[in-house]
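These notes are about the structure you will find just below.
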Amino acid sequence: MVVDAGFWPSERSEMGRQIRRHDWSTTVLGPVEQWPTVLRVVLDTVLEAPLPMCILWGEASLQLYNDAHAAAIGDHHPGALGAPVATSWGNNWPDLHHASPLAERNQTCTLRSYRPVDSSLSPGSNVGFDIAISPIRDGQQIVGQLLCLRPSEEEALRRRNAEIKMINDALPVLIGYVDRDERFRFNNSHYESWYGLSPESLYGKSVREVIGEEAYAIREAHIKAALAGQELSFEAYSSHRDGKPRQTQVQYLPRRDDQGEVQGFFVLAQDVTERWEAEQALRELNETLESRVQERTEALAEVYERLLKEMASREQAQEALRQAQKMEAVGQLTGGIAHDFNNMLTGIIGGLDLIQRYNQTGRHAETQRFIDAAVTSANRAAALTHRLLAFARRQPLNLKRVDINALVESMHDLMVRTLGSHILVDAQLQLDLWPAHSDDNQLESALLNLVINARDAMPDGGSLYIATANVMLQQPGEIGDLAPGRYVSLSVLDSGCGMTPKVLAAAFEPFFTTKPIGQGTGLGLSMIYGFARQAGGHVQIRSEPGQGTEVTLYLPAHCDLQTQVVPDAPAEQVPKALQGERVLVVEDDAAVRMLVMDVLDMLGYRALEAAEANAAVAILVSGEPLDLLISDVGLPGMNGRQLADIARQLRPTLRVLFMTGYAEQAASSGFLDKGMDMISKPFTIDLLATRIRAMLAQELE
Numbered sequence: 013m014v015v016d017a018g019f020w021p022s023e024r025s026e027m028g029r030q031i032r033r034h035d036w037s038t039t040v041l042g043p044v045e046q047w048p049t050v051l052r053v054v055l056d057t058v059l060e061a062p063l064p065m066c067i068l069w070g071e072a073s074l075q076l077y078n079d080a081h082a083a084a085i086g087d088h089h090p091g092a093l094g095a096p097v098a099t100s101w102g103n104n105w106p107d108l109h110h111a112s113p114l115a116e117r118n119q120t121c122t123l124r125s126y127r128p129v130d131s132s133l134s135p136g137s138n139v140g141f142d143i144a145i146s147p148i149r150d151g152q153q154i155v156g157q158l159l160c161l162r163p164s165e166e167e168a169l170r171r172r173n174a175e176i177k178m179i180n181d182a183l184p185v186l187i188g189y190v191d192r193d194e195r196f197r198f199n200n201s202h203y204e205s206w207y208g209l210s211p212e213s214l215y216g217k218s219v220r221e222v223i224g225e226e227a228y229a230i231r232e233a234h235i236k237a238a239l240a241g242q243e244l245s246f247e248a249y250s251s252h253r254d255g256k257p258r259q260t261q262v263q264y265l266p267r268r269d270d271q272g273e274v275q276g277f278f279v280l281a282q283d284v285t286e287r288w289e290a291e292q293a294l295r296e297l298n299e300t301l302e303s304r305v306q307e308r309t310e311a312l313a314e315v316y317e318r319l320l321k322e323m324a325s326r327e328q329a330q331e332a333l334r335q336a337q338k339m340e341a342v343g344q345l346t347g348g349i350a351h352d353f354n355n356m357l358t359g360i361i362g363g364l365d366l367i368q369r370y371n372q373t374g375r376h377a378e379t380q381r382f383i384d385a386a387v388t389s390a391n392r393a394a395a396l397t398h399r400l401l402a403f404a405r406r407q408p409l410n411l412k413r414v415d416i417n418a419l420v421e422s423m424h425d426l427m428v429r430t431l432g433s434h435i436l437v438d439a440q441l442q443l444d445l446w447p448a449h450s451d452d453n454q455l456e457s458a459l460l461n462l463v464i465n466a467r468d469a470m471p472d473g474g475s476l477y478i479a480t481a482n483v484m485l486q487q488p489g490e491i492g493d494l495a496p497g498r499y500v501s502l503s504v505l506d507s508g509c510g511m512t513p514k515v516l517a518a519a520f521e522p523f524f525t526t527k528p529i530g531q532g533t534g535l536g537l538s539m540i541y542g543f544a545r546q547a548g549g550h551v552q553i554r555s556e557p558g559q560g561t562e563v564t565l566y567l568p569a570h571c572d573l574q575t576q577v578v579p580d581a582p583a584e585q586v587p588k589a590l591q592g593e594r595v596l597v598v599e600d601d602a603a604v605r606m607l608v609m610d611v612l613d614m615l616g617y618r619a620l621e622a623a624e625a626n627a628a629v630a631i632l633v634s635g636e637p638l639d640l641l642i643s644d645v646g647l648p649g650m651n652g653r654q655l656a657d658i659a660r661q662l663r664p665t666l667r668v669l670f671m672t673g674y675a676e677q678a679a680s681s682g683f684l685d686k687g688m689d690m691i692s693k694p695f696t697i698d699l700l701a702t703r704i705r706a707m708l709a710q711e712l713e
């Protein structure tokens, strides 16, 4: 083997670099370039070896070693490099020196569990090795020895056992092993603190001896099961050297041999007394808490029962109060109606009585003024009925597109005459006002009522302002309970005396009025409020004493914002029949039926009559030619709307005119189909004639 001295020894290892850089000139070896070939060859092998290896060269046994050996000798490196072996091995050198002659006789010898250095000099290297010593020859001459160190198996086992014992003793658990004869063969140090027995004294003792008869009786069945191969986990009382019983969590883990036979079982026992006592305390606390909760629940139940009784008693009292208030309101309403109707009926009954008496005595010329008075009283009664229905939101509405600006302008002359010359009227109308979805007749009546109220609030004169505007509501609740959307407002503002908070709070109540007796019914604002709410709108009043009053109606805008409605022109004369059209009249009130029949005869129509719906159906089935059906809505049994449905099934093109004094169904939207109309009682002959002629003129598919 040829070695290049210029690059020797190799620096692939740390010791190779240190040997190459070491000053050898003062040793018997001399410079590395002069070292014998056999030394170089052996040293190359040593430097590449993974196990600790050391060359003892020459008679002085100078040390040359590898990285693993440097780690094994600890603090003696690097001082041991090139030094005699006796300086490093200390007290162990005699044994090593005793074995050297064997190596010199060409024999390999082994020293078991030796430490390469004195442990007192190098505490960090207290590791046992098995050392093999072999001779190094140069031809026939022995020039040194080669030491090969291998960790001692006995030492490794001892260290592993020590580590296992340290771990077992560190765990807060009693750990032991019991063989098939129920005797302890292993236990950690906790058995000493628990039972007062050291591991040495406990070894070989039976389980019964160690834990006592009482504890053994509790565990005997578990021990038999574990020796039969069953893993167990249970809690049990255990005696303690301090005399206090302890609660333990115990596990038995069987140990089997290679053939699967149970040789014994491991014991793991943990003191869980604190946890068990805490659980016991928690259970007792829960029981106490449950008892307290039960007591509190029963107490609350009694309180709740008393509260229910008190609420029921209060509700009964409130219901009695509501009933009293209702009866008071009914009494006020009845009294107001009776007062006004009695006045009107006096004019009607008294006038008709005098007319009858004058006719009997031939004084016909004097009857006209009583006829006029009776008609006036009857019209007043009709107006009062309409106001009552409007207040109750039960008056049938003819909802359509209404141009409020045009309606205000058409009423200008009437309002001026009503107000008189001492009150100035100013209209501030929005130019691009949306059309409203409303009843024009009811709106005219509402506006006229507001104008009259304003006039009465300004007896010494003043100013009246009428304004219209488009209103867009973005959020619910901005104005009353109106939903978001488009609305049209109509405001009437006067400069009169205004209202006190008390008067303002009662303004919408029926028959409430501040006017002198005989100058007002107290239904004006009630009617306006009922009309606005029935039309889907709202009314607001703003007023302060001495600051005037502003009343604003909010009505829904019509869906077709571009459409404007022009008020119908009044008819100049009563229209009559053109070709003797045939009309069926259905009315259960004989007086009304007779009146309508006479009017139709006067107008040139051929009329048939029926007092109830079934009789009318018989006429409809008979095939009698008919052009128009006039029916009361509130018929007994089958009502007028149901009769109309049957009539349309029999005669799909038949026109229908409903008469109603009051009917909740008739007041609802969607009551009328195409080719149907409605007239409210009481009505004039002119209005009835005009409505009949208009319906017969319709083109109906």
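Quick note: to get the numbering used here, add 12 to the position in the sequence shown (first position is 1). Heads up, the beta-carbon is just placed ideally off N, CA and C, and yes, glycines get one too.
What separation, rounded to the nearest whole angstrom, lies between the Cα atoms of Ile235 and Pro62?
-> Locating residue 235 in the sequence shown gives position 223, counting from the first residue. Locating residue 62 in the sequence shown gives position 50, counting from the first residue. Going by the C-alpha atoms only, they are around 50 Å apart.
If I'm right that Ile478 touches Ala519 with Cβ under 8 Å, what's the distance once you round it to whole angstroms?
-> In the sequence shown, residue 478 corresponds to position 466, counting from 1. In the sequence shown, residue 519 corresponds to position 507, counting from 1. No, Ile478 and Ala519 are not in contact; Cβ-Cβ is about 19 Å, not under 8 Å.
Which residues in the same chain as Gly548 place their Cβ atom closer than 6 Å to its Cβ, once the five residues preceding and following it in sequence are excluded?
-> Position 536 of the sequence shown, counted from the start, is the residue given in the question as residue 548. So the list reads Pro568, once near-sequence residues are dropped.
Please name the residue, chosen from Ala248, Pro447 and Gln487, that lies closest to Cys571 on a Cα-to-Cα basis.
-> Working through the sequence shown from its first residue, we reach residue 571 at position 559. It is Pro447.
Give the DSSP bridge partners of Leu265, in chain order.
-> Looking up residue 265 in the sequence shown gives position 253. Leu265 pairs with Phe278.
Among Asp444, Gln454, Met427 and Gln152, which has the Cα closest to the Cα of Asn465?
-> On the sequence shown, position 453 is the one that residue 465 refers to. Of the listed residues, the one whose Cα sits closest to Asn465 is Met427.
Contact under 9 Å by Cβ, Arg667 with Leu708 = Stepping through the sequence shown from its first residue, residue 667 is reached at position 655. Stepping through the sequence shown from its first residue, residue 708 is reached at position 696. Against a cut-off of 9 Å, the Cβ pair of Leu708 and Arg667 comes out as a contact.
What's the call for Arg467, buried or exposed, on a 16-neighbour Cβ count within 10 Å?
-> Here residue 467 is taken as the residue at index 455 of the sequence shown, counted from 1. Buried: at least 16 other Cβ atoms inside 10 Å.
Report yes or no: do three or more beta-carbon pairs, one from the segment 627-643 and one from the segment 655-672, lie closer than 8 Å?
-> Short answer: they touch.
May I have the straight-line CA-CA distance separating Ser134 from Ile145, to the nearest angstrom?
-> Position 122 of the sequence shown, counting from 1, holds the residue named residue 134. Position 133 of the sequence shown, counting from 1, holds the residue named residue 145. The pLDDT assigned to Ser134 is 39, lower than 50, so where the model puts this residue is not dependable; a value taken from the coordinates is nonetheless given after this. Approximately 23 Å, taken between the alpha carbons.
Give a yes or no on contact between the segment 315-328 and the segment 211-219, applying the rule of three or more CB pairs nearer than 8 Å.
-> Contact between the segment 315-328 and the segment 211-219 is absent, because fewer than three Cβ pairs lie under 8 Å.
Would you report the Cα separation of Phe670 and Leu502, rounded to the nearest angstrom?
-> Residue 670 sits at position 658 when you count from the first residue of the sequence shown. Residue 502 sits at position 490 when you count from the first residue of the sequence shown. For Phe670 and Leu502, the distance between alpha carbons rounds to 31 Å.
Determine, using beta carbons only, whether Ser433 and Gly474 come nearer to each other than 9 Å.
-> Mapped onto the sequence shown, residue 433 falls at position 421. Mapped onto the sequence shown, residue 474 falls at position 462. No, the Cβ-Cβ distance between Ser433 and Gly474 is not below 9 Å.
Determine the burial state of Asn298: buried for a count of at least 16 other Cβ atoms within 10 Å of its Cβ, exposed for fewer.
-> The sequence position of residue 298 within the sequence shown is 286, counting from 1. Under this definition Asn298 is an exposed residue.
Pick from Val504, Ala83 and Val279: whose alpha carbon is nearest that of Arg231?
-> As a first step, residue 231 is located in the sequence shown; it is residue number 219 there, counting from the start. Minimum Cα distance to Arg231 is reached at Val279.
By Cβ distance below 7 Å, which residues in the same chain neighbour Pro113 in space, the five residues on each side in sequence not counted?
-> Counting from one through the sequence shown, the residue named residue 113 turns up at place 101. With a pLDDT of 49 at Pro113, under the threshold of 50, the predicted position of this residue should be treated as unreliable, and no value is reported.
May I have the straight-line CA-CA distance separating Arg267 from Asp193, to the nearest angstrom?
-> Within the sequence shown, residue 267 is the residue found at index 255, counting from 1. Within the sequence shown, residue 193 is the residue found at index 181, counting from 1. Distance between the alpha carbons of Arg267 and Asp193: 14 Å.
In this structure, does DSSP put Met470 in helix, strand or coil?
-> Within the sequence shown, the letter at position 458 stands for residue 470. In this structure, Met470 counts as coil in the three-state DSSP scheme.
Just list the alpha helix (DSSP H) runs in the segment 561-644, keeping only unbroken ones of 4 residues or longer that don't cross its boundaries, in chain order.
-> 602-615 and 625-633
With a 10 Å radius around its C-beta and 16 neighbouring C-beta atoms as the bar for buried, classify Pro64 as buried or exposed.
-> Counted from its first residue, the sequence shown places residue 64 at position 52. The residue is buried, with at least 16 neighbouring Cβ atoms inside 10 Å.
Could you give the distance in angstroms between the alpha-carbon of Asp493 and the alpha-carbon of Gln454?
-> Taking the sequence shown and counting its residues from 1, the one referred to as residue 493 is at position 481. Taking the sequence shown and counting its residues from 1, the one referred to as residue 454 is at position 442. Those two C-alpha atoms are separated by around 22 Å.
Contact under 9 Å by Cβ, Val274 with Leu239 = Numbered from its first residue, the sequence shown carries residue 274 at position 262. Numbered from its first residue, the sequence shown carries residue 239 at position 227. Their beta carbons are under 9 Å apart, which means Val274 touches Leu239 by this criterion.
Name the residue from Leu209, Gly673, Asp270 and Ile367 whose alpha carbon lies nearest to the alpha carbon of Asp644.
-> Here the question's residue 644 lines up with position 632 in the sequence shown. Measuring from the Cα of Asp644, the nearest candidate turns out to be Gly673.
Which of helix, strand or coil does DSSP assign to Ile491?
-> Within the sequence shown, numbered from 1, the residue matching residue 491 stands at position 479. DSSP places Ile491 in coil when its eight states are reduced to three.
For the alpha helix (DSSP H) that Glu247 lies in, which residues bound it at each end?
-> One-based indexing of the sequence shown puts residue 247 at position 235. For Glu247, no alpha helix (DSSP H) encloses it; the enclosing beta strand (DSSP E) starts and ends at Leu244 to Ser250.
Considering Ser146, what are the terminal residues of the beta strand (DSSP E) in which it resides?
-> Residue 146 sits at position 134 when you count from the first residue of the sequence shown. Per DSSP, Ser146 belongs to the beta strand (DSSP E) from Phe141 to Asp150.
Between the beta-carbon of Gln75 and the beta-carbon of Val40, is there less than 9 Å?
-> Taking the sequence shown and counting its residues from 1, one reaches residue 75 at position 63. Taking the sequence shown and counting its residues from 1, one reaches residue 40 at position 28. Result no, Cβ atoms of Gln75 and Val40 do not sit closer than 9 Å.
Strand pairing of Val414, partner residues [DSSP] | Residue 414 sits at position 402 when you count from the first residue of the sequence shown. Its beta-bridge partners are Ala448.
What separation, rounded to the nearest whole angstrom, lies between the Cα atoms of Leu607 and Gly635?
-> Here residue 607 corresponds to residue number 595 of the sequence shown, with the count starting at 1. Here residue 635 corresponds to residue number 623 of the sequence shown, with the count starting at 1. So the alpha carbons of these two residues sit roughly 26 Å apart.
Report the rounded CA-to-CA distance for Ala233 versus Gly272, giving the unit in angstroms.
-> The residue given as residue 233 occupies position 221 in the sequence shown. The residue given as residue 272 occupies position 260 in the sequence shown. In a straight line, the C-alpha of Ala233 is about 22 Å away from that of Gly272.
Does DSSP put Asp657 in a helix, a strand or coil?
-> If you number the sequence shown from 1, residue 657 lands on position 645. Correct three-state label for Asp657: helix.
What does DSSP give as the partner residues of Trp69 in its beta bridges?
-> The sequence position of residue 69 within the sequence shown is 57, counting from 1. Answer is Leu74 and Gly156.
Contact set for Glu378: own chain, Cβ-Cβ below 6 Å, skip 5 residues either direction | Taking the sequence shown and counting its residues from 1, one reaches residue 378 at position 366. If we look at Glu378 and ignore the five residues flanking it on each side, its Cβ neighbours are Tyr370.
Counting only the same chain and skipping the five closest in sequence on each side, list residues whose C-beta sits under 6 Å from that of Met688.
-> Sequence index remark: in the sequence shown, residue 688 carries index 676 (1-based). Result list for Met688: Val668, in chain order.
Look up Asn482 in the DSSP assignment and say whether it is helix, strand or coil.
-> Within the sequence shown, the letter at position 470 stands for residue 482. Strand.
If you drop the 5 nearest sequence neighbours on each side, which residues of the same chain put their C-beta closer than 8 Å to that of Ala495?
-> On the sequence shown, position 483 is the one that residue 495 refers to. Result list for Ala495: Leu485 and Pro488, in chain order.
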